[in-house]
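> The listed protein sequences derive, respectively, from chains A and B.
Everything in the first sequence is counted per the working numbering, starting at 9 for the first residue and increasing by one.
Everything in the second sequence is counted per the working numbering, starting at 348 for the first residue and increasing by one.
Think of the CB as a built atom: it goes at the ideal place given N, C-alpha and C, for glycine as much as any other residue.
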Amino acid sequence: IVGGERAGKGNFPWQALTHIHGRGGGALLSDRWILTAAHTIFPKGSARNNVSLDELTKEADIYLGHTNVDELHKMGTHPVRRIFVHPDYNPNDEHNYNGDIALLELKYPVTLGPTVLPICLPDTSNTTFYMDGYMGYVSGFGVEKNFLSNHLKYVKLPAVSHEKCQEWLDTKTRDKPMVFSENMFCAGFLRQKRDTCQGDSGSVFTVLDVESGRWVATGIVSWGIGCAQGYGFYTKILNYLDWIKGIIKED
Amino acid sequence: SSPVPRKLFGEIRSPNYPKPYPNNNISSWDIVVPKGYVVKLTFRYFDLEPSETCFYDYVKIRADKKSLGRYCGQLGSTTGNHPGRKEFVSKGNRMHLSFHSDFSNEDNGMVIPYKGFLAYYKAVDLDECDPNNAAEDGEGLRCQHICHNYVGGYFCSCRPGYQLQSDYHSCKVECSSELFTEASGYLSSPDYPHPYPEDLQCNYSIRLEKGLSIILKFLEPFEIDDHQQVRCPYDQLKIQAQGREIGEFCGKKSPGSIETKSNEVDILFFTDESGFSRGWKIHYTSERIRCPQPVPRDQFTIIRDLQPVYRYQDYFIVSCQTGYNLMKGNQKLLSFTAVCQADGTWHQPMPHCEIVNCGNPAELTNGIFSYVNEPASNIYQSVITYQCNEPYYHIVTGAGGDRYTCSPEGTWVDRDGQERIPTCLPVCGKPDKPVVEVQR
């Protein structure tokens, strides 16, 4: 997290620290599911993408319940039973993070408490949270000024309208433009140094739904061009509710 | 003479009947019916030449070596001897009929066409038991004790305590192995209430099915030789039940009624060579043996349809008040029935009722249960409520709510009787300490 603050105990009790191919984040759903980004499981262009899901399931380390990485490691991991990666995600297309969403099912439900609590999912029809300027919080154990954070940080970022994102993205001429699909949204600032960064992938962009008084996950840290050099891009959870519920309900 | 076939009935008619009978005819018939029957004969039609003392034409009837009469004439004629509707009955099983006509049937030079007769006979049972039908050999009564007549014969029997001898007529004291198996009956000293014979060794055995208790009721008069000082030195009446001596009796004081509580009773009666006492008579009855009145072992036990008396093969069913289990020792019973046995005991002891214990309520994952009533217990009608570890979980219950009661079936059930316990579902998006911004 760049330009953020240290999270206090119990601020983001849904925050998971993942260690699959490298450090990542995730969010607890219910008491046995971790929502994260597909590219933390199958990184783009990685030579190791031929590793089987079973293999990854065994390797994946998931931590919950603390804001300090060392403490988390001391608390031990939560073994994973199954991994579901969205079928639209293509690890070989480095310019397209569409479908960058995955679910990890924990082998054993976790006992909830002040430091371990699930995040809510948005109501299917609620697009308010994606309106331009709607403030959200993103927490993560990712890089801040080239250092992997040892403490959970969070930053407050506004969602940005699709047009602005696309406009800004178009200025970013590159050999091959990045795909900005309907299933994504962007957030952050053009000039302020507040953003998410590597290592935050998989963490959720949350907003406080004032009506229900609940914190709701609206996005998943997915990609960006550099860190704090413009907007960050998030997977739009609203578009994947059916997929998520299909898997969780099935269980 | 033409013997009549041994039938039980038949007709006899004069020669040429119903045409006029011939002159100078002598015919006779021997009617024989089976032993044990007598012959009864009547004339359906009778028309013979009348004459004083039936000198010319006549019918003669004989039975038992005696004449039953000589008959002739016409109905209403002044001379002759018309039999009319008279019934001729033999004493034995034979009857002889003879018919005689003389050389003519003229009257003043006129031939009268007398037709003769049509007789009908039948065998009628001989009541050998009727004293008037004493045996031919004049030996007096056919049976020494009791005569039983039946159609076509009779048989003899003897009074209780006597046995019919091989002559089927005479009776000799025989009471050494009288067996009674009916549910009730009478037995008495031989010839009661007349003095009993001397030198008796009588043994009357009453054998009923198991489970019955024999009651002996002595009838009046009760009279057995006795002695002022010595107990029953002459004649003794002993009563035993399954080998157990119930009593020895003599004298004039009736033992009254004795409940033997046994289905097997032996009555032994020994007499010496003399005496004129009239003996004894017992009316025995039986009733199903009684079992002790069932008594519940606690106030939660219910005896269904409690009866004032329980007898052999009766049974009672026990259940418990709601919320209590039938227990036999440590074993829980689904039902209980006790049957009164032949020996007057119940086939199994009374159970007791133990309050239902539902055991510890099911643990609620991520929640707890707490007892509503004090002291906390898991017995019938105890109440608990489930809560989840708020605020991290919230409770989801069935329609029956979160209160559970220990049911009579031994399970914890909610208001709707459902056993399924609530679920604690994670509460999402409610951090204890959400990020709060102060400075603006």
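Closest Cβ-Cβ distance between Glu784(B) and chain A: below 9 angstroms?
Answer yes: the Cβ-Cβ gap between Glu784(B) and chain A drops below 9 angstroms somewhere.
> How many angstroms separate the CA atom of Tyr751(B) from the CA atom of Asp39(A)?
Cα to Cα, the separation comes out at about 26 angstroms.
> Where Pro130(A) and Met674(B) are concerned, what is the direct C-alpha to C-alpha distance, given to the nearest angstrom?
Answer to the nearest angstrom: the Cα atoms are 57 angstroms apart.
> Leaving out five residues on either side along the sequence, give the residues of the same chain with a beta carbon under 6 angstroms from the beta carbon of Val612(B).
For Val612(B), where only same-chain residues beyond five positions count, the Cβ hits under 6 angstroms are Ile553, Ile561 and Ala588.
> Taking Cβ positions only, does Trp223(A) come closer than 9 angstroms to chain B?
Yes - at least one Cβ of chain B is within 9 angstroms of the one on Trp223(A).
> Under three-state DSSP, which class holds Asp259(A)?
For Asp259(A), the predicted model reports a pLDDT of 47, less than 50, meaning its position is unreliable; a value from the coordinates is still stated below. In the structure shown, Asp259(A) sits in coil (DSSP, three-state: anything other than H, G, I, E or B).
> Are there 16 or more other CB atoms within 10 angstroms of the CB of Thr425(B), so buried, or fewer, so exposed?
Exposed, because fewer than 16 other Cβ atoms sit within 10 Å of the Cβ of Thr425(B).
> What do you reckon, are the CB atoms on Leu559(B) and Glu606(B) nearer than 9 angstroms?
Going by C-beta atoms, Leu559(B) is not nearer than 9 angstroms to Glu606(B).
> Could you check if Tyr461(B) is buried or exposed, using at least 16 other CB atoms within 10 Å of its CB as the buried criterion?
So Tyr461(B) counts as buried.
> May I ask you to report which of helix, strand or coil DSSP gives Ile252(A)?
It is helical.
> Report the start-end ranges of each beta strand (DSSP E) in the segment 702-749 of chain B that is 3 residues or longer and not cut off at the edges.
List check, beta strand (DSSP E) in window: 714-718, 730-735 and 740-743.
> Could you check which residue in Thr732(B), Val380(B) and Ala709(B) has the C-alpha nearest to that of Gly500(B)?
If we check each option's Cα against that of Gly500(B), Val380(B) comes out closest.
> Kindly list, in the order they appear in chain A, the residues whose Cβ is closer than 7 angstroms to that of Tyr740(B).
Ordered by position in chain A, the residues that pass the 7 angstroms Cβ test against Tyr740(B) are Leu120.
> Kindly identify the DSSP beta-bridge partner or partners of His699(B).
Met674(B), per the DSSP bridge assignment.
> Could you compute how far the alpha carbon of Gly84(A) sits from the alpha carbon of Lys161(A)?
If you take the alpha carbons of Gly84(A) and Lys161(A), they lie about 21 angstroms apart.
> Smallest Cα separation from Leu511(B): which of Val498(B), Phe527(B), His492(B) and Asp652(B)?
Ranking Val498(B), Phe527(B), His492(B) and Asp652(B) by Cα distance to Leu511(B) puts His492(B) first.
> What in chain A is Cβ-close to Val743(B), meaning under 9 angstroms?
Here the premise fails: no neighbours, minimum Cβ distance about 13 angstroms.
> Could you spell out the range, first to last residue, of the alpha helix (DSSP H) harbouring Glu175(A)?
Start and end: His170 to Thr179.
> Does chain B have any CB closer than 9 angstroms to the CB of Pro126(A)?
True, the Cβ-Cβ gap to chain B drops below 9 angstroms.
> Would a C-beta distance cut-off of 9 angstroms place Gly776(B) and Ile42(A) closer than the cut-off?
No, the pair does not count as a contact, with Cβ atoms beyond the cut-off.
> Helix, strand or coil, according to DSSP, for Thr123(A) in the structure here?
The answer is coil: DSSP assigns Thr123(A) none of H, G, I, E or B.
> Would you please verify whether the beta carbon of Thr214(A) is less than 9 angstroms from any beta carbon of chain B?
Interface residue, yes.
> Using a Cβ cut-off of 7 angstroms, pull out every chain B residue sitting near Ser38(A), in sequence order please.
Result: Pro773.
> Enumerate in chain order the residues of its own chain whose CB-to-CB distance from Val743(B) is below 7 angstroms, with the five nearest sequence positions on each side excluded.
Correct list, in chain order: Pro769, Thr770 and Leu772.
> Taking the alpha-carbon positions, what's the His74(A) to Gly148(A) distance?
Rounded to whole angstroms, His74(A) to Gly148(A) spans 12 angstroms at the Cα level.
> Just the C-alpha distance for Asp259(A) and Pro117(A), rounded to the nearest angstrom, thanks.
Bear in mind that a pLDDT of 47 at Asp259(A), under 50, signals an unreliable position, so the number given afterwards is only what the model happens to contain. Straight-line Cα distance between these residues: approximately 12 angstroms.
> How many Å lie between Gly11(A) and Ile256(A) at the Cα?
Going from the Cα of Gly11(A) to the Cα of Ile256(A) covers about 35 angstroms.
> Could you work out which residues of chain A lie near Gly776(B), taking near to mean beta carbons separated by less than 7 angstroms?
Those are Ile127, Cys128, Arg222, Trp223 and Val224, listed as they occur along chain A.
> Below 8 angstroms CB to CB, which residues in the same chain sit around Cys235(A) once its five sequence neighbours on both sides are set aside?
The answer, listed in chain order, is Val10, Val151, Asp203, Thr204, Cys205 and Gln206.
> Is the shortest distance between the beta-carbon of Thr752(B) and the beta-carbons of chain A less than 9 angstroms?
No, no contact with chain A.
> According to DSSP, simplified to helix, strand and coil, what is Ile649(B)?
Note: Ile649(B) maps to strand in three-state DSSP.
> With a threshold of 9 angstroms between beta carbons, is Thr712(B) in contact with chain A?
So, interface residue.
> Can you give me the Cβ contacts of Ala470(B) inside the same chain, cut-off strictly under 7 angstroms, excluding the 5 residues immediately before and after it?
Only Leu355, Phe356, Val380, Pro381, Tyr384 and Val386 meet the Cβ criterion.
> So, at 8 angstroms on beta carbons, what are the nonlocal neighbours of Thr758(B) in its own chain, with the 5 sequence-adjacent residues on each side left out?
The residues are Cys705 and Glu766.
> With DSSP as the reference, label Glu606(B) as helix, strand or coil.
Reduced to three states, the DSSP call for Glu606(B) is strand.
> Quick check: the Cα distance between Gln583(B) and Phe623(B), rounded to an integer number of angstroms?
Going by the C-alpha atoms only, they are around 14 angstroms apart.
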